[in-house]
Amino acid sequence: MTQYRCQRCKETVLPTDMKIVPGIKCPKCGNRILFKERPPVVRKVKAR
Ligand SMILES: [Zn+2]
4 MTQYRCQRCK ETVLPTDMKI VPGIKCPKCG NRILFKERPP VVRKVKAR
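In structure tokens form, the structure reads like this:
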């Protein structure tokens, strides 16, 4: 699931929270600038 992070208050915004507010907007402070944030994925990289 894709998460968003508010640029101003650094609050994590879930897509379910954005459904409440029309458009992409931070439900806490009303900031419209959100960063897309992916959940941390552990990847094994072959290093040699
Ligand atoms: Zn915010």
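Note that the working numbering has the sequence shown beginning at 4, numbered continuously upward.
Glycine included, C-beta positions come from ideal geometry on N, C-alpha and C.
**Report entry** E40 - containing beta strand (DSSP E), residue span
**Finding:** For E40, the enclosing beta strand (DSSP E) begins and ends at 37-40.
**Report entry** Start and end residues, beta strand (DSSP E) containing R8
**Finding:** 6-9 is the extent of the beta strand (DSSP E) around R8.
**Report entry** Beta-bridge partners of T15, as assigned by DSSP
**Finding:** For T15, the beta-bridge partners assigned by DSSP are R8.
Requested in this report: Kindly indicate which residue of C12, R51, Y7, K47 has the alpha-carbon position closest to the one of K22.
Outcome: Nearest of C12, R51, Y7, K47 to K22, Cα basis: Y7.
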